[in-house]
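Novice: Residue numbers (my numbering), protein chains in the order written: chain A, 1 to 104; chain B, 1 to 729.
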Amino acid sequence: MNNIPLIPVLLLGAVLFCLGILAVITKRHAIVVLMGIELIFNAANLNLVAFNRHQPDLMQGQVFSVFVMVIAAAESAVALAIILKVYSYFKTVNLDQIRHESDV
Amino acid sequence: MNQVAAPLLTPEQNSLALWALLVLVLPLIAGGLVLIFGKKLPRQGDWLAIATTGLAFFLALYLFFQVWENKTVHVSWSWFQLATGKTSIISFTAGVYLDNLAVLMLVIVTFISLLVQVFSVIYMHGEWRYHHYFGYLGIFTFSMLGIVLSDNLLLLFIFWELVGFSSYLLIGFWYEKDAAVLAGKKAFLFNRVGDIGFLFGIFLLYTYLQTFDLTLLKNAIATGVNQGGTFIFPVLTGQADSVTLSYTLLTLAGLGIFCGCVGKSAQFPLQVWLPDAMEGPTPVSSLIHAATMVAAGVYLLSRCFPFFTEDALLVIAIIGALTALLGALAATAQYDIKKILAFSTISQLGYMVMGMGVGAHDASLLHLVTHAFFKASLFLNAGIVIHAMHHAAHEFSDEHSDVQDIRNMGGFRKILPFTFYAYIPAAAALVGLPLFSGFLSKDAILTGAWAWAGLMSQNGNLLYYLIPVFGFGSVLLTGFYMAKHCFYIFFGESKLYKEPELLRENKTAEASGLLLVPVAILAVLSLAFFFSLNPFSYAGSWVMQGVSWQKLLTGQPGLSGGLLPAITTYLHDASYISLVTAILSVLLAVVGIWLGWLSYKKAVTAGSLSTITAPTSGFSRLAYYHFYLDAFYEKVIINPFMRLSGGAAAFDKNFIDYSLNTFAKIMVVLAKLIGWVDRWLVDGTVHLLVKVAGLIGRLGRFMQNGKVQSYYIFSLLGLILLFLYILAF
Chain A
1 MNNIPLIPVL
11 LLGAVLFCLG
21 ILAVITKRHA
31 IVVLMGIELI
41 FNAANLNLVA
51 FNRHQPDLMQ
61 GQVFSVFVMV
71 IAAAESAVAL
81 AIILKVYSYF
91 KTVNLDQIRH
101 ESDV
Chain B
1 MNQVAAPLLT
11 PEQNSLALWA
21 LLVLVLPLIA
31 GGLVLIFGKK
41 LPRQGDWLAI
51 ATTGLAFFLA
61 LYLFFQVWEN
71 KTVHVSWSWF
81 QLATGKTSII
91 SFTAGVYLDN
101 LAVLMLVIVT
111 FISLLVQVFS
121 VIYMHGEWRY
131 HHYFGYLGIF
141 TFSMLGIVLS
151 DNLLLLFIFW
161 ELVGFSSYLL
171 IGFWYEKDAA
181 VLAGKKAFLF
191 NRVGDIGFLF
201 GIFLLYTYLQ
211 TFDLTLLKNA
221 IATGVNQGGT
231 FIFPVLTGQA
241 DSVTLSYTLL
251 TLAGLGIFCG
261 CVGKSAQFPL
271 QVWLPDAMEG
281 PTPVSSLIHA
291 ATMVAAGVYL
301 LSRCFPFFTE
311 DALLVIAIIG
321 ALTALLGALA
331 ATAQYDIKKI
341 LAFSTISQLG
351 YMVMGMGVGA
361 HDASLLHLVT
371 HAFFKASLFL
381 NAGIVIHAMH
391 HAAHEFSDEH
401 SDVQDIRNMG
411 GFRKILPFTF
421 YAYIPAAAAL
431 VGLPLFSGFL
441 SKDAILTGAW
451 AWAGLMSQNG
461 NLLYYLIPVF
471 GFGSVLLTGF
481 YMAKHCFYIF
491 FGESKLYKEP
501 ELLRENKTAE
511 ASGLLLVPVA
521 ILAVLSLAFF
531 FSLNPFSYAG
541 SWVMQGVSWQ
551 KLLTGQPGLS
561 GGLLPAITTY
571 LHDASYISLV
581 TAILSVLLAV
591 VGIWLGWLSY
601 KKAVTAGSLS
611 TITAPTSGFS
621 RLAYYHFYLD
631 AFYEKVIINP
641 FMRLSGGAAA
651 FDKNFIDYSL
661 NTFAKIMVVL
671 AKLIGWVDRW
681 LVDGTVHLLV
691 KVAGLIGRLG
701 RFMQNGKVQS
711 YYIFSLLGLI
721 LLFLYILAF
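In structure tokens, the structure reads:
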């Protein structure tokens, strides 16, 4: 467990990041997009944890990832609230249909 | 020049000048009115023209009695000003100058104009441009009076040209006839040749003496000092120093002015226009081409007499004598009634100019006056004769015979008795028989010429005597041609009037008062009695005393210096000259008449009186064709000129037009090229820019499509690019 090499972990983080991006870009449902964002957060967290393990003298990486998780939770709450308001205004959460007339 | 308005100008002088201006403009106003409204006026407005001319005549008479031998009026007004520099301004004046000569001419011009207009009422009756005729006469009278009244050379030149213009209009009055059009053109062009010289003379005088004003010029020249060939004039207005002029330059200026006289007064070598000018209506020939306009040259010589140097006067005398002789010679061979009179006019004008040249200034002017009356009379009578001939040819003769050829005439003594009795005194005056006016003036000129020759030949050169010899020769010839003229017209059998009732009819036609009154008045005025109380001596002539150089030139003979006083004293010392001249000239005239009678008799006995043939003998051909002067001008001047203008036209067409066309073509090609460049390069760039801007705009629009996810992609791409940039550098 201690000698897990750095590179595969980073690659995993990158894969997670790409999947998150893919979700953010391709999905129409706002909540799924939010989930993609969570994936990206977690990819970043994974990187932070991995780098921390690579240089374990300080606990910066792990602390920072805990902060990220907390903030991500808060941010999700806000984002879900926004989505609820959007839904009540537009009667949909499909991103393709949410569009102001002035936006072309 | 402002000093013209001298302080001695009195209200009386001013009013006289204004009256003179009124005389001047009256004919113009009447002429203009008749010209414009003549068609609508009753009788086409001839009464208006005649009435105003009559009024002008009476005003002229008033002026005459005010001014003659009494005073000289010179009033001038500022005409226009020219700036010659920042500060200096030259002002020109125009004004009226009334002295003995001017008022005399004023009376003569208005008087003869009046008579001729009265005569024309019948003569021109039924002409389809009757009112134009009177309008033109009005313009002519105005211009002629302008010449007489002008106080400066510039103004005089303007009127001089106007006179030429109205002469042109009246010569070409019957412009349906080609000959009239050509004659008008010829007269106009020949006059221009002389006028160029005149203009140069005026310019020369102005350039050096800085004034056009005749009085100022006269004064300037009187104060000039002759220092061995150069004249030094004191300070003139607007000049810092005195002016030095060489004798040659002054002679040239004088000859320039004389050129104007050569053109207008039909002197050798420009006299050829006058015989052709007879194409105009006969009253016009009488007024313009005999009595007044052609005498304007002599008037000019008198006005400018102080500007002529002795050499210039010599040239004038030679030209005058030559013209007198050539004109008389040409007249002997003519058969056209008007042409004979025209050549005779040339000859008499030659006398006047010769008189000026030899310093017989007053004699020349006297001849101008007497000639005006008797020549006007001759022409008007000739008009009556031609009128009768037309009538006869129309009624009687079926052949188209020349109605102006004196060989077709004859017997008019019985048909037109009144005309005959009016013609004879005028003809006698022309020949110079005693008791008639021409005797006085011709005698005076010949005496002057003789005295001049005597004075000049004191250095032993007898060639100077040629001038009076030419003069005396012309007297003989004048007698000859006038006698022939009268015998052919008035004596013998009538060739056209053979039917008695026609004859009677024409007698009543002659008796029309309006035709005969002017003729009668002029015939009476051909008597010497009116010009001198002693009809055998010119010495007591009131005209000559009034226009003597002592009075006209205010005693300043000008550049010719002592010539005039010398001739006066010479004549005083050799008083026999006057008597001998009188006897000799009368003898020559009588011999001339006798020769004319012989020539007529010969023609009668040979039965060749009415055979119309071209002259055969060498000399008569020479004289008939006027010494081939016309042919000479045709060959030497007109033809080369026409060829030159033809060449110029060809050059213009083949070279200048060609190069212009080529240039134009090149320009079109260039323009097309530039158009292409403009369309494809300039416009292309602009369009490209527009397209690029559009593209950028479209890109921006594409990116800002309102989709959150695409914004995200773009920001992601931007981030990747940023990374790549950082990695790359």
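Glycine included, C-beta positions come from ideal geometry on N, C-alpha and C.
Bear in mind the structure is a predicted one, so any value in this text is a computation, not a measurement.
Please state whether the Cβ-Cβ distance between isoleucine 50 of chain B and glycine 558 of chain B is less than 7 Å.
Specialist: Along the second sequence, one-based indexing puts residue 50 of chain B at 50. Along the second sequence, one-based indexing puts residue 558 of chain B at 558. Cβ atoms of isoleucine 50 of chain B and glycine 558 of chain B: not closer than 7 Å.
Novice: Note the first and the last residue of the continuous beta strand (DSSP E) segment covering glycine 172 of chain B.
Specialist: Position 172 of the second sequence, counted from the start, is the residue given in the question as residue 172 of chain B. Here glycine 172 of chain B belongs to no beta strand (DSSP E), and DSSP marks it neither H nor E.
Novice: With a cut-off of 8 Å on the beta carbons, I'd call alanine 166 of chain A and valine 86 of chain A a contact; round off their distance for me.
Specialist: Outside the shown range of chain A, which is 1 to 104, sits residue 166 of chain A, and nothing can be said about it.
Novice: Since valine 73 of chain B sits in a beta bridge, which residues does DSSP pair it with?
Specialist: Along the second sequence, one-based indexing puts residue 73 of chain B at 73. Valine 73 of chain B pairs with B:Leu98.
Novice: Does the Cβ of isoleucine 726 of chain B have 16 or more other Cβ atoms within 10 Å, making it buried, or fewer, making it exposed?
Specialist: Here residue 726 of chain B refers to the residue found at position 726 when the second sequence is read from its first residue. The residue in question, isoleucine 726 of chain B, is exposed, as its Cβ has fewer than 16 Cβ neighbours within 10 Å.
Novice: At 8 Å on the CB atoms, spell out the chain A contacts of tyrosine 712 of chain B, in chain order.
Specialist: By one-based count along the second sequence, residue 712 of chain B stands at place 712. Ordered by position in chain A, the residues that pass the 8 Å Cβ test against tyrosine 712 of chain B are Val24 and Ile25.
Novice: Could you work out which residue in B:Leu217, B:Gly197, B:Leu209 and B:Thr110 is closest to leucine 553 of chain B when comparing CA atoms only?
Specialist: Taking the first residue of the second sequence as 1, we reach residue 553 of chain B at position 553. Residue B:Leu217 is the option with its Cα nearest to leucine 553 of chain B.
Novice: By alpha-carbon positions, which one of B:Trp594, B:Thr419 and B:Met352 ends up nearest to glycine 294 of chain B?
Specialist: As a first step, residue 294 of chain B must be located in the second sequence, where it is residue number 294. It is worth fixing the name first, because residue 294 of chain B is valine in this sequence and not glycine. Looking at the Cα atoms, B:Met352 is the closest of the given residues.
Novice: Under a Cβ-count criterion, where at least 16 other Cβ atoms within 10 Å of its own Cβ denotes burial, should valine 33 of chain A be classed as buried or exposed?
Specialist: Here residue 33 of chain A refers to the residue found at position 33 of the first sequence. It counts as buried.
Novice: I'd like to check one pair, alanine 566 of chain B with leucine 466 of chain B: are the Cβ atoms closer than 7 Å?
Specialist: To locate residue 466 of chain B, count along the second sequence from 1; it is residue 466. To locate residue 566 of chain B, count along the second sequence from 1; it is residue 566. Against a cut-off of 7 Å, the Cβ pair of alanine 566 of chain B and leucine 466 of chain B comes out as no contact.
Novice: Taking the CB atoms as reference points, tell me whether histidine 626 of chain B and alanine 342 of chain B lie closer together than 7 Å.
Specialist: Against the second sequence, residue 626 of chain B aligns to sequence position 626. Against the second sequence, residue 342 of chain B aligns to sequence position 342. No, the pair does not count as a contact, with Cβ atoms beyond the cut-off.
Novice: Taking all protein chains shown into account, decide if aspartate 178 of chain B is buried (16 or more other Cβ within 10 angstroms of its Cβ) or exposed.
Specialist: Mapped onto the second sequence, residue 178 of chain B falls at position 178. Exposed: under 16 other Cβ atoms inside 10 Å.
Novice: Let me see if you follow: with CB-CB separation under 7 Å, is valine 104 of chain A close to chain B or not?
Specialist: Taking the first residue of the first sequence as 1, we reach residue 104 of chain A at position 104. Confidence at valine 104 of chain A is low in this model, with a pLDDT of 42, below 50, so the placement of that residue should be treated as unreliable; the coordinate-derived value is given next. So yes, valine 104 of chain A belongs to the interface.
Novice: List the residues of chain B whose Cβ lies closer than 7 Å to the Cβ of leucine 19 of chain A, in chain order.
Specialist: Taking the first sequence and counting its residues from 1, one reaches residue 19 of chain A at position 19. Residues of chain B passing the Cβ test: none, with the nearest at roughly 14 Å.
Novice: Comparing C-alpha positions only, which one of A:Leu58, A:Met59 and A:Gly20 sits nearest to alanine 44 of chain A?
Specialist: Sequence index remark: in the first sequence, residue 44 of chain A carries index 44 (1-based). Nearest of A:Leu58, A:Met59 and A:Gly20 to alanine 44 of chain A, Cα basis: A:Gly20.
Novice: Just the Cα atoms here: how many angstroms apart are alanine 56 of chain B and leucine 26 of chain B?
Specialist: Within the second sequence, numbered from 1, the residue matching residue 56 of chain B stands at position 56. Within the second sequence, numbered from 1, the residue matching residue 26 of chain B stands at position 26. Rounded to the nearest angstrom, the two C-alpha atoms are 7 Å apart.
Novice: Chain B beta carbons: is any one of them nearer than 7 Å to that of leucine 95 of chain A?
Specialist: One-based indexing of the first sequence puts residue 95 of chain A at position 95. Closer than 7 Å to some Cβ of chain B, the Cβ of leucine 95 of chain A qualifies, so yes.
Novice: Beta-carbon of valine 708 of chain B versus every beta-carbon of chain A: anything under 7 Å?
Specialist: The sequence position of residue 708 of chain B within the second sequence is 708, counting from 1. Yes, its Cβ sits closer than 7 Å to a Cβ of chain A.
Novice: Please state if the CB of alanine 388 of chain B and the CB of tyrosine 570 of chain B are separated by a distance shorter than 7 Å.
Specialist: Within the second sequence, the letter at position 570 stands for residue 570 of chain B. Within the second sequence, the letter at position 388 stands for residue 388 of chain B. Not in contact: tyrosine 570 of chain B and alanine 388 of chain B (Cβ atoms no closer than 7 Å).
Novice: What did DSSP end up calling threonine 92 of chain A once you bin it into helix, strand or coil?
Specialist: Indexing the first sequence from 1 puts residue 92 of chain A at position 92. Of the three classes helix, strand and coil, the one that applies to threonine 92 of chain A here is coil, per DSSP.
Novice: Apart from the five residues just before and just after glycine 138 of chain B, which ones in its own chain have a Cβ nearer than 6 Å to its Cβ?
Specialist: One-based indexing of the second sequence puts residue 138 of chain B at position 138. Result list for glycine 138 of chain B: Pro27, Ala30, Gly31 and Ala49, in chain order.
Novice: What would DSSP say about valine 193 of chain B, mapped onto helix, strand or coil?
Specialist: The residue given as residue 193 of chain B occupies position 193 in the second sequence. Helix.
Novice: Assign methionine 482 of chain B to one of two classes, buried (16 or more other C-beta atoms within 10 Å of its C-beta) or exposed (fewer than that).
Specialist: Start at 1 with the first residue of the second sequence, and residue 482 of chain B comes out as number 482. The residue in question, methionine 482 of chain B, is buried, as its Cβ has 16 or more Cβ neighbours within 10 Å.
Novice: Identify the residues that DSSP records as bridge partners of valine 225 of chain B: which are they?
Specialist: Within the second sequence, numbered from 1, the residue matching residue 225 of chain B stands at position 225. DSSP output for valine 225 of chain B lists B:Ile232 as bridge partner(s).
Novice: Determine, using beta carbons only, whether valine 403 of chain B and histidine 390 of chain B come nearer to each other than 7 Å.
Specialist: Counted from its first residue, the second sequence places residue 403 of chain B at position 403. Counted from its first residue, the second sequence places residue 390 of chain B at position 390. Closer than 7 Å, so yes.
Novice: Given a limit of 9 Å on CB to CB distance, which residues of the region 654-676 of chain B reach chain D?
Specialist: No chain D appears in the structure shown, which is made up of the protein chains A and B.
Novice: Which residue's Cα is closest to the Cα of valine 262 of chain B: B:Gln210, B:Phe198, B:Thr211 and B:Thr223?
Specialist: As a first step, residue 262 of chain B must be located in the second sequence, where it is residue number 262. Of the listed residues, the one whose Cα sits closest to valine 262 of chain B is B:Phe198.
Novice: Of all the beta strand (DSSP E) runs that stay within the bounds of the region 348-411 of chain B, which reach a length of 3 or more residues?
Specialist: Correct list: empty.
Novice: Give me the residue from B:Ser150, B:Gly260 and B:Phe134 with the minimum Cα distance to phenylalanine 188 of chain B.
Specialist: Translated into the one-based positions of the second sequence, residue 188 of chain B becomes position 188. The candidate whose alpha carbon is nearest that of phenylalanine 188 of chain B is B:Gly260.
Novice: Would you kindly work out how many angstroms separate the C-alpha atoms of valine 600 of chain B and glutamate 310 of chain B, rounded to a whole number?
Specialist: As a working note, residue 600 of chain B is residue 600 in the second sequence. As a working note, residue 310 of chain B is residue 310 in the second sequence. Residue identity check: residue 600 of chain B is tyrosine in the sequence provided, not valine. Those two C-alpha atoms are separated by around 44 Å.
Novice: Valine 590 of chain B to leucine 644 of chain B, Cα distance in whole Å?
Specialist: For this step, residue 590 of chain B is matched to residue 590 along the second sequence. For this step, residue 644 of chain B is matched to residue 644 along the second sequence. Taking the straight line from one Cα to the other gives about 51 Å.
Novice: If you reduce the DSSP assignment to three classes, tell me which class leucine 525 of chain B lands in.
Specialist: Within the second sequence, numbered from 1, the residue matching residue 525 of chain B stands at position 525. Reduced to three states, the DSSP call for leucine 525 of chain B is coil.
Novice: Can you have a look at cysteine 18 of chain A and say buried or exposed, based on whether 16 or more other CB atoms are within 10 angstroms of its CB?
Specialist: Indexing the first sequence from 1 puts residue 18 of chain A at position 18. Its Cβ having fewer than 16 others within 10 Å, cysteine 18 of chain A is exposed.
Novice: By a C-beta neighbour count over all protein chains shown, 10 Å radius and 16 as the cutoff for buried, is glycine 194 of chain B buried or exposed?
Specialist: Taking the first residue of the second sequence as position 1, residue 194 of chain B is located at position 194. Glycine 194 of chain B should be labelled buried.
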